[in-house]
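> Encoded as structure tokens, here's the structure I'll be asking about.
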Amino acid sequence: MKALIVVALVVLAVLVFCCWPATILGVDEDALAHSVGALHCKDTGNGHWRCSVDDPQNSGAVDYAVNTRSFGCWDATREERAPSRRYPKRVSGCINLIDVVSPF
């Protein structure tokens with residue numbers, strides 16, 4: 004019975020790590036950029052980031068103000084100085100294992 008409990012706890016820990024690796028590793032700018040779909044993100048302090056998403060139709064980028072929450076989840080709001088109907092005003096998501104290990 005004890006072995007079954009240990010196995011269940013290990014499986015649970017692996018599942019948590021795969022779904023929300025930032026809980027253990029913290030928020031990394033590359034992982035956050037991949038999760039948001041941005042070219043890059045810059046830490047502005049206290050869980051706030053600025054991420055730039057490529058906008059080839061307008062020969063530039065659309066900036067999002069991104070706030071990170073627990074478990075590596077985030078909420079992003081498009082900045083008004085860069086209006087674009089192509090990109091949503093607000094988006095949210097969570098950093099997952101693919102975001103952490105992706106080389107792009």
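Numbering (the working numbering), first residue to last: 4 to 107. The C-beta atom is built at its ideal place from N, Cα and C for all residues, glycine as well.
Would Ile27 be called buried (16 or more neighbouring beta carbons within 10 Å of its own) or exposed?
Locating residue 27 in the sequence shown gives position 24, counting from the first residue. Exposed, by the Cβ-count rule.
> Starting from Gly75, follow its DSSP beta bridges and name the residues at the other end.
Here residue 75 refers to the residue found at position 72 of the sequence shown. Note: Gly75 sits in no beta bridge, so no partner.
> Helix, strand or coil: which one does DSSP assign to Val69?
Within the sequence shown, residue 69 is the residue found at index 66, counting from 1. Three-state result, Val69: strand.
> If I measure Cβ to Cβ from Thr47 and keep anything under 8 Å in the same chain, skipping five residues before and after, which residues do I get?
Reading the sequence shown from its first residue, position 44 is the one you call residue 47. Contacts found: Arg53.
> Just the Cα atoms here: how many angstroms apart are Val19 and His37?
Position 16 of the sequence shown, counted from the start, is the residue given in the question as residue 19. Position 34 of the sequence shown, counted from the start, is the residue given in the question as residue 37. The alpha-carbon atoms of Val19 and His37 are separated by roughly 19 Å.
> Does DSSP put Ser95 in a helix, a strand or coil?
Within the sequence shown, numbered from 1, the residue matching residue 95 stands at position 92. Correct three-state label for Ser95: strand.
> Are the beta-carbon atoms of Ala64 and Leu42 separated by less than 8 Å?
Here the question's residue 64 lines up with position 61 in the sequence shown. Here the question's residue 42 lines up with position 39 in the sequence shown. Yes, they are a contact pair.
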